[in-house]
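Okay, so here's the structure we're looking at.
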Amino acid sequence: MVELIVPRPICSVIKCDDVNNIDLKSALKELEREHDVHEILPGIYAYKYDFNRISPSLINDYSFCPRLLWIQQRLGLKLLTERLLVALVRGRILHQRYERAVTVYDNVIAEYRVEIGNLVGVIDVVVRRGREYVPVELKTGAAGRDAHRRQLQAYIQLLGASRGYLVYRDRVEIVREERSALALLAEIERVVRMESPPDVTCRGCAFISVCRQLSGTRLSPAPRRTLGPSGERPSM
Ligand code: SF4
0 MVELIVPRPI CSVIKCDDVN NIDLKSALKE LEREHDVHEI LPGIYAYKYD FNRISPSLIN
60 DYSFCPRLLW IQQRLGLKLL TERLLVALVR GRILHQRYER AVTVYDNVIA EYRVEIGNLV
120 GVIDVVVRRG REYVPVELKT GAAGRDAHRR QLQAYIQLLG ASRGYLVYRD RVEIVREERS
180 ALALLAEIER VVRMESPPDV TCRGCAFISV CRQLSGTRLS PAPRRTLGPS GERPSM
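Heads up: the sequence shown at position 156 corresponds to 155 in numbering that gives the first Met the number 0, and the numbers run straight through without jumps.
Have a look at this one:
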């Protein structure tokens, strides 16, 4: 039996450099293999996404801007700038390669799904150590380190583990259990169920065109999805 003890940085396990050659055109082509992607405003892309199940993965969106999270949930669309779209696809390719590489170990499970009540999450990698399941999250994108840590702490709590690992391209960080981690998910659920968008201190960002279109608009709670079966563009 061959076991993984501590995960290694992404780029020490797999080839990384070539993903930097992925541009917008090839990233779009790759993403469209899985999703119906639309450019809904100049430079803003969208695909259908289910925000109704509360997941630790929403912590990144919430940390970026609670108002944007609310808009995405109300539209039922994941919104991406060109830069984020390219980063998403580059990250997915690295995830797939890394997960394939580490599942040669007998104590590693990739894409581990955990579901408790209304909470659902898919953990990139879980390392079994005796009876303990240790979550490992691979991070290649632009979200802040604090959001990464809080997301992992939610997974640690969901698995009842004592620690987990954040694995970056060039380093690995150990993160300890934080008992209040799931409280943040309750706050996220409160935000996405609000009838009107939450007040935020807007710092202005690449999504300003989306927010301008929707500012002052009191969107009705339903429908949550605006892309019809024919894939027509949502009106925003
Ligand atoms: S423009 Fe302002 S409100 Fe809109 S997503 Fe960016 S920071 Fe949030």
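Each residue gets a CB set at the ideal place from its N, CA and C atoms; glycine is no exception. These numbers were taken from a predicted model, which means no experiment stands behind them.
Given a threshold of 16 other Cβ atoms within 10 Å of its Cβ, counted over all protein chains shown, does residue i qualify as buried or as exposed?
i    : result
G203 : exposed
V5   : exposed
R175 : exposed
G120 : buried
P55  : buried
Just to confirm, does residue i get its C-beta within under 7 Å of one of the non-hydrogen atoms of the ligand SF4?
i    : result
F50  : no
G203 : yes
R66  : yes
C210 : yes
I122 : no
V191 : no
I187 : no
V199 : yes
I207 : yes
Note the first and the last residue of the continuous alpha helix (DSSP H) segment covering residue i.
i    : result
A160 : Counting along the chain, A160 falls outside any alpha helix (DSSP H), and DSSP gives it neither H nor E.
Y61  : 57-63
By the three-class DSSP mapping on this structure, what secondary structure does residue i have?
i    : result
H37  : strand
K77  : strand
V85  : helix
I9   : helix
E29  : helix
L93  : helix
I21  : coil
L165 : strand
I70  : helix
Please give me, in chain order, every unbroken run of the alpha helix (DSSP H) with length at least 4 that falls completely inside the stretch 176-210. 180-191
Quick check for students: name the residue ranges of the beta strand (DSSP E) that lie wholly in the stretch 96-162, counting only runs of 3 or more. Annotation: the stretch 96-162 contains the following complete segments of the beta strand (DSSP E) (minimum length 3 residues), in chain order: 107-115, 118-128, 131-137.
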